[in-house]
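From first to last, the protein sequence lines are chains C and X. So for the first sequence, the numbering used here puts the first residue at 3; every next one is plus one. So for the second sequence, the numbering used here puts the first residue at 2; every next one is plus one. Note that beta-carbon positions come from the ideal geometry of N, C-alpha and C, so glycine has one too. This one's a predicted model, so the numbers in the text were calculated from it and none came from an experiment.
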Amino acid sequence: MILDLQHEQHQAADPHAGHDMGSMKPAAEAAPPPVVTPRAADRLFDPKAMAAARAQLMVEHGGASVWTVRADQLEYRARKGADAQAFEGEAWWGTDAGKWVVKARGERIDGEGWEKGEAELLKAWPIGPYFDLQAGVRYDLAPPKLSKGGRSYAALGFEGLAPYWFEVQGAAYLSDRGDVSARAEASYDLRLTQKLILQPRVEADLAEAGAATLEGGLRLRYEITREFAPYVGVVRERAFGPAVVAGERAGSTAVVIGVRAWR
Amino acid sequence: MMTAFDRRTLLRGALGLGAVGLLPAWARAGEVGRSPAALSGEEIKLTVGHQMATIDGRSGHAVTVNGSLPGPLIRLKEGQNVRIAVTNALADEDTSIHWHGLLVPFQMDGVPGVAFPGIKPGETFTYDFPVRQAGTYWWHSHSGLQEQVGLYAPMIIDPAGEDPIGYDREHVVVLSDWSFLHPHALFRKLKVNPGHFNMQKQTFAGLLAGQDQSLKDRVAWGKMRMDPTDIADVTGSVYTYLVNGHGPGDNWTGLFASGERVRLRFINAAAMTIFNVRIPGLSLEVVAVDGQPVSPVSVDEFQMAPAETFDVIVRPTEDQAFTLVAEASDRSGLARGTLAPRLGMSAPIPPVRKRPLATMKDMGMGNMHGGMDMPGMDMSMRSQSNAPDVPLTPGVQTIAPMPMDRMAEPPQGLEDVGHKVLTYAQLANLHESTDKRPPGRTIEIHLTGNMERFMWAFDGEAFGPIKKPIAFRRDERVRVVLINDTMMAHPIHLHGHFFELVNGQERQPLKHTVNVAPGGKVAFDLTASEPGDWAFHCHLLLHMHAGMFNVVTVRPLDGEAA
């Protein structure tokens with residue numbers, strides 16, 4: 003694979019060998035030379051070995067794949083009536099050109115079981131410097147109260163960073179029964195100190211039938227490390243529309259304790 | 002090899018590799034004599050291996066050469082030939098060595114996929130080249146992220162004739178950064194959370210205390226999604242800064258005798274750290290940059306980016322110790338050594354100074370403040386009209402509307418330190434240029450990035466299969482203008498050539514790496530005298546890894562028709 007380079011090198015030792023420097027005329031703005039394929043080393047080394055090295059070069063200089071798994075919320079919700087546990091997180095892997103995203107969330111109520119539980123599998127593409135477009139499917143393992151049985155949806159959404167450092171995401175869903183619903187979230191990290199962060203967050207869920215829920219939270223977390231931050235906070239939920247008419251609690255307030263963690 | 006350290010030593014930031022055999026002779030404290038011990042001659046053998054350094058029960062993975070970190074000093078003589086056989090003793094990864102700043106035939110340049118196929122585990126590759134120059138250089142791996150885990154070392158080439166730089170004694174000072182976190186983990190965390198390692202962000206507590214930006218400025222910068230504290234990507238929160246492999250607590254010491262002219266050969270071998278270098282109490286006479294002699298300039302402090310080398314003469318006349326301070330540019334930590342007449346002495350370590358804040362000028366807005374109107378110019382953050390040839394990809398967060406030549410300004414964070422600071426504009430070649438032709442054409446290259454996605458590239462496109470190389474005609478004289486559209490400095494390195502910095506001096510200084518200030522622009526003139534394919538990239542290792550890399554082609558090759 004490695005050829006005898008002795009001859010080549012000693013020839014290359016004098017860069018001006020064979021060139022008459024004096025005869026070169028400086029042009030005012032000469033035309034650029036044609037772009038050639040950068041394959042000079044293929045003349046000296048096994049082209050197959052060079053092709054493999056070039057493939058590796060691409061991976062190591064802009065082609066790297068990256069992954070992460072994170073739980074934005076993993077919390078206990080203490081409130082009047084039955085307490086609850088809630089989880090919300092996502093994982094993604096891929097390159098700058100495109101990623102696969104898995105989102106999951108769920109809430110379990112003491113004595114009642116899963117209130118909601120859902121997962122999304124999405125493909126994400128960057129649109130502009132700050133936002134990703136996401137498209138894929140969602141499946142509800144524990145469907146909303148008003149529906150019966152498990153449910154699947156087509157999902158189309160976005161996720162990114164809005165001006166003033168607001169983290170935002172939103173999506174529209176079309177269910178296997180033809181229902182349209184939508185969801186939007188926004189949060190902001192107010193950095194009190196390097197490690198103590200106050201996070202206001204709002205989420206709105208809208209269904210075609212006019213049912214809606216609004217959730218507002220305020221969480222104070224302490225980043226023991228950037229990847230592991232316990233928090234305390236308060237969450238206020240309120241339902242509107244048919245759910246309220248059906249005699250459900252219109253709203254509830256919970257004191258939460260949890261952890262935000264990622265890897 | 003194993004070393005043991007107590008937690009306190011570790012917390013103080015002392016890596017402690019210095020105490021034991023991982024250090025080569027030249028890097029040990031208190032080496033005396035004019036020349037540090039070195040590998041030299043026409044036949045040199047290097048073995049790349051893997052070693053664990055265990056510090057306070059924590060294991061650090063290092064890639065070393067001949068069992069040392071930094072690697073052995075190679076000392077050659079201008080005009081000689083050298084054959085350097087490099088054996089890869091790593092179990093499962095390729096390696097390579099690039100001779101940084103050396104004029105070598107392209108196939109000896111050591112960049113896998115560009116110059117040669119790389120060195121597979123168990124293989125030996127013999128680099129064989131004539132030594133055409135003199136000065137202070139270094140060498141490092143160009144494979145994976147091995148440079149971050151120890152594969153770097155100095156190279157000194159003595160001139161064939163008399164050294165234009167007179168000195169009585171010399172010390173090689175290799176600055177670097179070390180993390181226990183694997184470099185791939187560093188990279189991944191930056192991708193997931195771009196401000197991950199910055200523990201000096203602006204806070205609400207700071208606002209109440211009247212620190213940093215005013216509320217109005219914070220809101221204006223927030224609107225632009227720009228963080229003025231984003232000075233360094235990887236910081237002292239995970240880095241220990243080393244002098245010749247010694248942590249600050251280890252205190253590498255270089256000896257001098259009173260009245261001697263001591264030549265310090267500074268090499269910034271850090272993966273990601275720009276250092277501000279000073280020796281309180283001593284004036285630094287800068288005599289060579291990137292290996293090439295310059296007209297001496299006396300300063301109190303200079304900034305050096307990764308890949309740059311600075312030769313400095315100091316002349317201590319008192320019988321006392323002096324602290325050598327290399328502060329990370331974001332002031333999150335420092336590398337520290339000592340110059341002393343005897344071993345065991347030390348001088349006070351100055352506290353780390355306040356970190357700088359980026360300004361509108363660093364955003365390429367010239368001298369303006371936000372909101373001012375500039376007739377006839379689109380001052381928006383991302384206007385195609387300000388860079389028609391750069392595609393506005395997701396990797397382009399900003400286009401500098403008014404990039405300025407900032408070479409006559411002190412580097413970022415050194416604007417008002419109250420003493421003399423070196424600027425690029427002060428550097429003048431000691432010798433006449435060998436090519437006095439005016440450039441035949443000009444090319445512009447934009448340095449682009451997106452801090453929020455940790456994407457870095459030239460002209461908006463990361464290196465990849467569709468990226469066109471930068472083509473030069475052999476022996477043509479070209480002016481290259483680098484425009485930094487990002488808010489971070491980028492040390493841009495061209496392999497196989499020196500270029501002349503267009504810095505207003507009649508004798509333009511020769512460099513192999515130029516640090517382009519945030520929102521700034523730099524021009525250099527280049528004679529494309531070395532045929533072949535050459536790497537061209539940002540020398541912040543993780544910026545290069547993210548895609549700020551391209552290939553320069555110089556044609557025709559030897560024996561090829563023009």
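For residue i, collect the residues of the same chain with a Cβ closer than 7 Å to its Cβ; drop the 5 residues on either side in sequence, then sort them by chain order.
i: X/P411; result: V422 and T424
i: X/L541; result: M273, P307, H491 and P492
i: X/Q385; result: L393
i: X/A90; result: T48, V49 and G50
i: X/L558; result: P532 and G533
Would you mind giving the Cβ-Cβ distance between residue i and residue j, rounded to the nearest angstrom? I have them listed as a contact below 8 Å.
i: X/T339; j: X/L325; result: 6 Å
i: X/K512; j: X/D406; result: 15 Å between Cβ atoms; not a contact.
i: C/A86; j: C/R56; result: At roughly 55 Å, the Cβ-Cβ gap does not stay under 8 Å, so C/A86 and C/R56 are not in contact.
i: X/V263; j: X/V315; result: 5 Å
i: X/G497; j: X/G533; result: 7 Å
i: C/L2; j: X/P113; result: With chain C running from 3 to 265 in the structure shown, residue 2 of chain C is simply not present.
i: C/S177; j: C/R153; result: 6 Å
According to DSSP, what are the bridge partners of residue i?
i: X/W139; result: X/H101 and X/P155
i: X/M456; result: X/N451
i: X/M305; result: X/F276
i: C/G108; result: C/F89 and C/G119
i: X/F537; result: X/L495 and X/N551
i: X/K362; result: Per DSSP, none; premise fails for X/K362.
i: X/I75; result: X/L40 and X/M156
i: C/T39; result: The partner list for C/T39 (beta bridge, DSSP) is empty, contrary to what the question assumes.
i: X/P294; result: X/A289
Near residue i, which residues of its chain fall below 8 Å by C-beta distance, leaving aside the five closest residues on each side in sequence?
i: C/P17; result: Its pLDDT being 39, under 50, C/P17 is placed unreliably by the model, and nothing is read from it.
i: X/E302; result: N277, V278, R279, L285, L415, V418, H420, K421, V422 and L423
i: X/A142; result: Here residue 142 of chain X is Ser; the residue named in the question, Ala, does not match the sequence. Answer for X/S142: V49, V64, T96, S97, I98, H99, E148, L152 and Y153, listed in chain order.
i: C/E114; result: A84
i: C/E266; result: There is no way to answer for residue 266 of chain C, as the model of chain C reaches only from 3 to 265.
i: X/N82; result: E43, D129, F130, P131 and V132
i: X/S434; result: E501, R508 and Q509
i: C/L163; result: Y132, F133, E169 and V170
Between residue i and chain C, is any beta-carbon pair separated by less than 8 Å?
i: X/K202; result: yes
i: X/R354; result: no
i: X/T241; result: no
i: X/G372; result: Here X/G372 scores only 47 on pLDDT, less than 50, and its place in the model should not be relied on; the value that follows carries that caveat. Closer than 8 Å: no.
i: X/D251; result: no
i: X/F499; result: no
i: X/K192; result: yes
Using a Cβ-Cβ cut-off of 6 Å (strictly less than) and excluding sequence neighbours within five positions of residue i, which residues of its own chain qualify?
i: X/A463; result: G548
i: C/I199; result: D191, R193 and R223
i: C/E77; result: A88, V258 and G260
i: X/S215; result: none
i: C/E187; result: Q171 and E205
i: C/E117; result: E109 and I111
i: C/E90; result: D74, Q75 and R107
Any Cβ of chain X within less than 8 Å of the Cβ of residue i?
i: C/Q201; result: no
i: C/L220; result: no
i: C/T70; result: yes
i: C/V38; result: yes
i: C/G96; result: no
i: C/A32; result: yes
i: C/F230; result: no
i: C/Q8; result: Note that C/Q8 has pLDDT 35, beneath the 50 cutoff, so the model's placement of it is unreliable and no number is given.
i: C/A42; result: yes
i: C/D48; result: yes
i: C/M23; result: Caution is warranted here: a pLDDT of 38 is assigned to C/M23, below 50, making its placement in the model unreliable, and the coordinate value is therefore given only provisionally. By this cut-off, C/M23 is an interface position.
i: C/V64; result: A quick correction: the sequence has Gly, not Val, at residue 64 of chain C. Closer than 8 Å: yes.
i: C/R107; result: no
i: C/Q87; result: no
Can you find a CB in chain D that lies within less than 8 Å of the CB of residue i?
i: C/R193; result: The question asks about chain D, but that chain is absent: this structure's protein chains are C and X.
Next item on the list: List in chain order: all unbroken beta strand (DSSP E) runs of 3+ residues lying wholly within the stretch 46 to 82 of chain C.
Entry: Runs of the beta strand (DSSP E) inside the stretch 46 to 82 of chain C: 68 to 81.
Item checked: Whole alpha helix (DSSP H) elements within the stretch 307 to 331 of chain X, 4-residue minimum -> As far as the stretch 307 to 331 of chain X is concerned, it has no whole alpha helix (DSSP H) run of at least 4 residues.
Check: Along the chain, which unbroken stretches of the alpha helix (DSSP H) at least 4 residues long are found entirely within the stretch 145 to 211 of chain C?
Finding: If only complete runs of 4 or more residues are kept, the stretch 145 to 211 of chain C shows no alpha helix (DSSP H) anywhere.
Check: Enumerated in chain order, which unbroken segments of the alpha helix (DSSP H) with a length of 4 residues or greater are wholly contained in the stretch 193 to 251 of chain X?
Finding: Fully contained in the stretch 193 to 251 of chain X are the following alpha helix (DSSP H) runs of length 4 or more, in chain order: 205 to 209 and 216 to 224.
Notebook entry, point to check: Whole beta strand (DSSP E) runs in the stretch 384 to 464 of chain X with 3 or more residues, listed along the chain?
Noted result: Every unbroken stretch of the beta strand (DSSP E) spanning 3 or more residues and falling wholly within the stretch 384 to 464 of chain X is given here in chain order: 442 to 451 and 456 to 459.
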